[in-house]
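Let me begin by presenting the structure, written as structure tokens, before commenting on it.
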Amino acid sequence: MTGATGVTAVQRGAAGEAASSAAGGHGATTVHHDDRFTLAALGPISPAASLAEEVRAGLTGMPKRLPCRFFYDDDGSLLFEEICELPEYYVTRAEHEILVAHAAEIVAQLPSAETGTELVELGSGSAVKTRLLIAALLRRQPGLRYVPVDISRSAIEESARALLKAYPALRVDAIAAEYEDGLRYLANQDVLSAPVAGRAAGPAPPEAPPKLLLWLGSNVGNLTRAAAAAFLRGVRARMGRDDRLLIGIDLRKDRAVLEAAYDDARGVTARFNKNLLRRINRELDGRFDLDAFAHRAIYHEEDGRVAMYLVSAYPHEASIEALGLRVPFVTGEAIHTEDSYKYSDAEIRALAAAAGFAVERRWFDTGRRFSENLFRPAVQGELA
Ligand code: AVI
């Protein structure tokens, strides 16, 4: 187990909580809670476009679209948690089933290391499923360092508190940041490898324990296939030979099952989708009438993608006062709000190869709806 936290020194603040800034040259703010928990809140290095910019571009373009990353304000995050409990939304349950059945096997598959493995999670959220892997790792090593990377600082703090209470041998060094900023920060702190152009699997920093990186929940599905491969190439460039990536990927299946999963009988997903308009009303002084739009989920089978739309029920105009914008809609006109890509086995192998990984092992739920995939950095020549 490493004792190093990878974050810079802290100064005691008046409230008894410690705070520092400019860790690792990233303008990071570190809040040190106690000797088993640190949190580095990173300012974005290259800030993503703001809601205002995306709304202007997306609603003045043709066809109209809004990016799905804006679903997740506080209300949207709560609605997403509700979605995860819905009978139709099998994704969360299927992945949970896999981890309950196979966490021990997954952990046994990792290269053994005297130092013990460290766990790095992208998009940890409430970390419910992660507990199964934490428990499995702690059965084979005396202590564990867990590094969750999530944009929501409050979600990280809440889940870290619960995990530290449940597992006395755990330490948590959390990072509140966008994934890519978090990964860059970890490389700068020598937790992950720094990418070197043209290198196969980068040498791990000296004496760094091997990492198990987690990217669960089929979050990869909300990227286009090309963007998913590009993002994973960046992750791979920061992994050492003995590091592994466990990635949860939803599988292609019947249209009826998929469309119900994204258009549930209770209308929770519809509210989640319309929350985008509510958010524009609230944050940009928008005048969207939510009843003028219907929620639609359509499986585009050829692309293997469930697309969500908000469809105008009749001709009307919505204004967004903060942008000085009037947005006209004709009957049936759609705003495209999300794609959720589903993968075949061949598409998962192709994704891994395109990102410089080999698929080491895979696990499925009993209904074979979802897959958990252990990727390892491919060695030079392996993918040729
Ligand atoms: C977060 N993401 C993986 C979800 C999905 O299944 O694509 C988001 C979601 N959208 C509607 N329901 C769930």
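Counting in our numbering, the sequence shown runs from 276 upward without gaps. Glycine included, every Cβ here is placed at the ideal spot set by N, Cα and C.
Which residue from the options puts its Cα closest to that of residue i?
i	options	result
R311	E622, R557 and L438	L438
T641	R508, L487, F346 and R368	R368
I555	A630, R428 and L600	L600
Q409	D425, G398 and T392	Strictly speaking, residue 409 in this sequence is Ile, with Gln absent from that position. Minimum Cα distance to I409 is reached at T392.
L625	A505, L559, A540 and R513	For the sequence presented, residue 625 should be read as Ala rather than Leu. With distances taken between Cα atoms, A625 lies closest to A505.
D529	K440, Y537 and T499	Y537
A588	D578, F604, S594 and A582	F604
G579	D566, D525 and A449	D525
D539	E558, M514 and H570	H570
F568	D560, N550 and T305	N550
V586	T612, A388, E596 and G336	T612
L489	A628, D620, A324 and D425	D425
P484	D517, Q464 and R340	D517
L491	S615, I522, R644 and S387	I522
R267	I595, A633 and M337	The displayed coordinates of the chain run from 276 to 659. Any statement about residue 267 would go beyond what the structure contains.
D620	D348, N648, R415 and L314	N648
V395	A503, A462, E360 and R331	A462
L413	E389, Y442 and S387	Y442
D224	R541, D456, E432 and S493	Because the chain is modelled from 276 through 659, residue 224 falls outside the range shown and cannot be assessed.
I610	E622, H591, V602 and Y584	Y584
Given a cut-off of 7 Å on the beta-carbon distance, is the pair residue i and residue j in contact?
i	j	result
A444	G418	yes
A378	L354	no
A572	E608	no
G631	R511	yes
E329	P342	yes
R553	A593	no
V543	I358	yes
S399	P362	no
A402	V382	no
K617	R500	no
L385	K404	no
R459	L487	no
A435	V447	yes
A653	D614	no
A597	D564	no
R513	L467	yes
L498	Y454	no
G333	R344	no
Y365	R637	no
V306	L314	yes
A628	F650	no
Residue i bridges to which residues according to DSSP?
i	result
M583	A572 and E613
R446	R420
A451	A316 and D425
N648	I522 and R637
D309	F312
H591	F604
K486	E393
F632	P652
Y618	L526
Please state the DSSP three-state secondary structure of residue i.
i	result
T392	coil
S399	coil
G299	Its pLDDT being 44, under 50, G299 is placed unreliably in this model, and the coordinates cannot settle the point.
R519	strand
D525	strand
F547	helix
G496	helix
R624	helix
K339	strand
K440	helix
R552	Checking the sequence, you will find Leu at residue 552 rather than Arg. Helix at L552.
G599	coil
F563	coil
G642	coil
G351	helix
S434	helix
R406	helix
A324	coil
G457	helix
L533	helix
A293	Confidence is the limiting factor: at A293 the pLDDT is only 41, short of 50, which leaves the residue's position unreliable and the question unanswerable from this model.
L658	coil
Y365	helix
L374	helix
L412	helix
Is residue i close to chain B, meaning its C-beta is less than 7 Å from at least one C-beta of that chain?
i	result
G542	Note that chain B does not occur in the displayed structure, where there is just one protein chain.
Flag residue i as yes when its Cβ comes closer than 6 Å to any non-hydrogen atom of the ligand ADP, and as no otherwise.
i	result
T606	In the structure on display, the ligand ADP does not appear, and the ligands it does have are the ligand AVI.
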